[in-house]
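Chemist: Going down the list, the protein sequences come from chains A, B and C. For the first sequence, the working numbering assigns the number 680 to the initial residue and increments by one for each residue that follows. For the second sequence, the working numbering assigns the number -16 to the initial residue and increments by one for each residue that follows. For the third sequence, the working numbering assigns the number 6 to the initial residue and increments by one for each residue that follows.
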Amino acid sequence: MKDPKALLGVLRDAIGLGVTALSGAGDDAVLSVEQASIRRALEVLKAQGFNVLVDLTCVDYLGYGKDERPAPPSHPYLPQRWASPPKPPHRFKLVYRLLDLDAASGLERGRITVALWVFDERGGPSVRDLWPNADWLEREVWDLFGIGFTGRGDLRRILLYPEFVGHPLRKDYPIDRRQPLIGPKEAPRPEEGGDLRPAP
Amino acid sequence: MTENGLLELMPGVLATRVDDAVGWARKYSLFPYPFVTACCGMEYMSTSCSHYDLDRFGAAFPRFSPRQADLLMVVGTISHKIAPVLRRIYDQMASPKWVVAFGVCTCTGGFYDNYATVQGIDTIVPVDLYIPGCPPRPEAVLQGLMMLQAKIQSQGLEGR
Amino acid sequence: MKKSFLLNMGPSHPAMHGVIRLVLELDGERVLGAEAEIGYLHRGFEKQAENDVWNNVIPYTDRLNYVSPLLNNVGYCLAVEKLMKLELPERCQVLRTIACELSRITDHLTCVGASAMELGAFTPFLYLMKAREELYFCIDRLTGARVTTSYTRIGGVKADMPPDFPERVVAAFRVLRESVKDTEALLTRNRIFVDRLKGVGVLDKETALAYGVTGPLLRSAGVPYDVRRARPYLVYDRLDFEVPVGTTGDNLDRYLVRLAEIEQSLRIVEQCFDRLPPGPVAVPDAQLLDAGLMADLGKRGKTGHIFDARAGTDPVLEGSGEAEKPLIAADQPDSVLPPKEEVYNSIEGLMRHFEIVMPSRGIVPPPGEAYAAVEGGNGELGFHVVSDGRSRPWRVRVRPPCFFNMAVLHKLLVGSTVADVVATFGSINMIAGELDR
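Rendered as structure tokens:
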């Protein structure tokens, strides 16, 4: 079982203060890495034996922790309201989930998660030469969040159509803004006198 | 003419109106084009297989070319990305043709009221039969199909 | 002078399970290169999950991998329960395990049946669909729905199983084993079937690991990785089952691995019925009152009549009494609906019920994030949930196993013929709901 503290030590040796923090324990340990050293950190982790990139995703923290409505007065029977979480350092967090899998026995030798905070569309360097499935994963992050990856060509949409404008999983994209290719933008509502049959 | 429109001229020969005969022929020989996208496809498979059996309605053989099919069954959610493809397939079918909106995602968009889903395929193609349900039980599909058959019978020769 | 041309398969194509577009670069019949275009069923699951309370995301998870909906339900609930650090009672865990394995069987039956049909074998498809119908009847009895089940809740399951459920399932398994045996008799040593699948679509270990492929594809390539063995969850660490492993990683191995997994899932369910902790125990001196009647009396204010009574609830309906509640849900008053006796007999119970059900309140996990993985029908199905301490999820990310299986497809198709594309694509078991979300 790979020990996250040992991995922290190895990364500190390789990139110094580029790895900023280690949180969590065991399989849920998360290493936070700076944007400038992410490529080197992932190369070091791959060399340490993490042969499978399980997942690469992004989380948008715009508006995180802001509570628009006032907190209800504390009452023993109401569910516990948590204290407001700490403000995140940047807006987007890329999450790389790595697995060290022993092909002969089928057992996991360790898992580690690497978190990379980015503040704009310049995401990080592409890792599709380290793990080929990063190709589609990075395209998906670009498609839904607009985070770009340098060092690779061919960054195009994968789940949405090319005519789509915007990145829907960002927090400032309203869920019901529609961009249909054909057909009306909104279904006509019968109560407003709209006719549901399409024009002849 | 008897009350169901049939007159037996001699043993083995029936006379009826052209509209009734054509309607009868069309409703019992449907060639569905199952445009299957999502979960409703599971219930479509269940309906067409042995337990619920679509074959006894004459709609056994799916035709996977729109030129050869006359019943377009839109099964499952239609996203905006596939909507032009659906419209093109509908345009490629020859008259008489009927469209079944199978599942609530095709009727109204279902509970996917968001940027990616067409809120009802009747905004793109004209629909003859709506079968709501998420997914509809095979019994509901069979009832819907029988209602469609009644509609086809009543349409007669000129179709739509 | 060789010239290659591009052939477009899909997005609406009979051999494509769902909507997907394959662009093949062909030299005659031989495939030189392939590219898959996905996203035709993108329904915005992840955006929709941010828009509704934690428990209401569960119906959306049903529709991810819609051939095995209970696996998605369980995966999502395990991730949120990990975030909230909830402990589930034993009976609830065993019920979830049974539900997971029944779903896994339907997944494999559909995959094998559909891919056999595409190769021209229509009869095995009908046999396996008959078997699947039997399972659907059982799942219907347990959860209330055939396909989109929404059986789990955060902190437990919807309701207990009906009293005659084990007998029903055992009877269904008899039919199922017979159907699978008939199918094997028709296919496994069939010269045509084997010739079409053997040596086609070979996936080797290194490519599989490099692409993050898991599940039957990885196991058929020779790596015995199963999330149920490597990171046990629910009661899998106490159950005895094998993980079937293939050797060459071709289509035939995938077919054999899936059939073997069906048998292993049947074993697991039978063991679970033996291990099931006892059901609700009646309190001896409490009067049994029908739950509807209890509710009516409570609403009319006649709480004196119902104070000492026990609610007689149908075990399959959601809304259980004191006897069933501790068996099917965690002991967490602010996350799990209270039993009916409390709701109708006490103000605290009524308030708790409303607090959990009202959309502006609801379950409130602590801020943070958690990742939990289950063994889906196609591989490691992971859910990464992020909470900001409010009643709606901040982010729900699905790690879809189909996505990685499809990403490696272009490697499997190179060098084969157009006819092999259909066979290979069928054996990958692409489910568009999971691929595109």
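For every residue, glycine included, the Cβ atom is placed at its ideal position computed from N, Cα and C.
#1: Is residue 74/C near the ligand SAH, with its Cβ less than 7 Å from a heavy atom?
#2: Taking only beta-carbon positions, decide if residue 847/A is within less than 8 Å of chain C.
#3: On the criterion of 16 or more Cβ atoms from any shown chain inside 10 Å, does residue 124/B qualify as buried, or is it exposed?
#4: With DSSP as the reference, please indicate the residues paired to residue 65/C in a beta bridge.
#5: Where does the unbroken alpha helix (DSSP H) through residue 389/C begin, and where does it stop?
#6: Across which residues does DSSP place residue 698/A in a beta bridge pair?
#7: Do the stretch 150 to 167 of chain C and the stretch 233 to 240 of chain C make contact, defined as three or more Cβ pairs closer than 8 Å?
#8: Looking at the secondary structure, which residues open and close the beta strand (DSSP E) in which residue 789/A lies?
#9: With 8 Å set as the bound, which would you pick, yes or no: does the beta-carbon of residue 34/B sit closer than that to a beta-carbon of chain A?
#10: Give a yes or no on whether the minimum CB-CB distance between residue 110/C and chain A is below 8 Å.
#11: Smallest Cα separation from residue 2/C: which of 39/C, 23/C, 24/C, 22/C?
#12: Put residue 278/C into one of helix, strand or coil per three-state DSSP.
#13: Closer than 8 Å, Cβ to any Cβ of chain B: which residues of the stretch 129 to 150 of chain C, in chain order?
#14: Any beta carbon from chain B within less than 8 Å of residue 855/A's own beta carbon?
#15: Counting contacts by CB-CB distance shorter than 8 Å, is residue 862/A in contact with chain B?
#16: Which first and last residues belong to the beta strand (DSSP E) in which residue 26/C is found?
#17: With distances taken between CB atoms, is the gap from residue 376/C to residue 779/A smaller than 8 Å?
#18: Under three-state DSSP, which class holds residue 121/B?
#19: For the alpha helix (DSSP H) containing residue 207/B, list its first residue and its last residue.
#20: Using a Cβ-Cβ cut-off of 8 Å, state whether residue 133/B counts as contacting chain C.
#21: Output yes if chain B places a C-beta closer than 8 Å to the C-beta of residue 795/A; else output no.
#22: Please say whether residue 219/C and residue 405/C have beta carbons closer to each other than 8 Å?
#23: Check the C-beta distance from residue 413/C over to residue 216/C and give it rounded, since I have them as a contact under 8 Å.
#24: Using a cut-off of 9 Å between C-beta atoms, extract the partners of residue 98/B located in chain C.
#25: May I ask you to report which of helix, strand or coil DSSP gives residue 745/A?
#26: Would you check if the distance between the CB atom of residue 116/C and the CB atom of residue 350/C is smaller than 8 Å?
#27: List the residues of chain C that residue 85/B touches, going by C-beta distances under 9 Å, in chain order.
#28: So, residue 48/C versus residue 60/B, is the Cβ gap smaller than 8 Å?
#29: Can you give the Cα-Cα distance for residue 383/C and residue 71/C, rounded to whole angstroms?
#30: With a threshold of 8 Å between beta-carbons, can residue 24/C be considered close to chain B, or not?
#31: So, is the C-beta of residue 782/A closer than 8 Å to a C-beta in chain C?
#32: Using DSSP's beta-bridge definition, name the partner residues of residue 13/C.
#33: With burial defined as no fewer than 16 other Cβ atoms inside 10 Å of the residue's Cβ, what is the status of residue 98/C: buried or exposed?
#34: Going by DSSP in three states, residue 803/A sits in which element: helix, strand or coil?
#35: Rounded to the nearest angstrom, what separates residue 385/C and residue 302/C at their Cα positions?
#36: Residues of the stretch 0 to 18 of chain B with a CB closer than 7 Å to any CB of chain A: list them in chain order, please.
Modeler: On the basis of the coordinates in this document:
#1: In the structure shown, the ligand SAH is absent, as is every other ligand, since no ligand is present at all.
#2: yes
#3: buried
#4: Looking at the DSSP assignment, residue 65/C forms no beta bridge with any residue, so it has no partner.
#5: No alpha helix (DSSP H) contains residue 389/C, which is instead part of the beta strand (DSSP E) from 385 to 392.
#6: 712/A
#7: no
#8: 787 to 797
#9: no
#10: no
#11: Limits of chain C in this structure are 6 at one end and 442 at the other, which puts residue 2/C out of reach.
#12: helix
#13: 130, 131, 134, 135, 137, 138, 141
#14: yes
#15: yes
#16: 26 to 32
#17: no
#18: helix
#19: As shown, chain B starts at -16 and ends at 143. That puts residue 207/B outside it, with no answer to give.
#20: no
#21: no
#22: no
#23: 4 Å
#24: 49, 52
#25: coil
#26: no
#27: Chain C residues near residue 85/B: none, gap ~13 Å exceeds 9 Å.
#28: yes
#29: 12 Å
#30: yes
#31: yes
#32: 28/C
#33: buried
#34: strand
#35: 49 Å
#36: none
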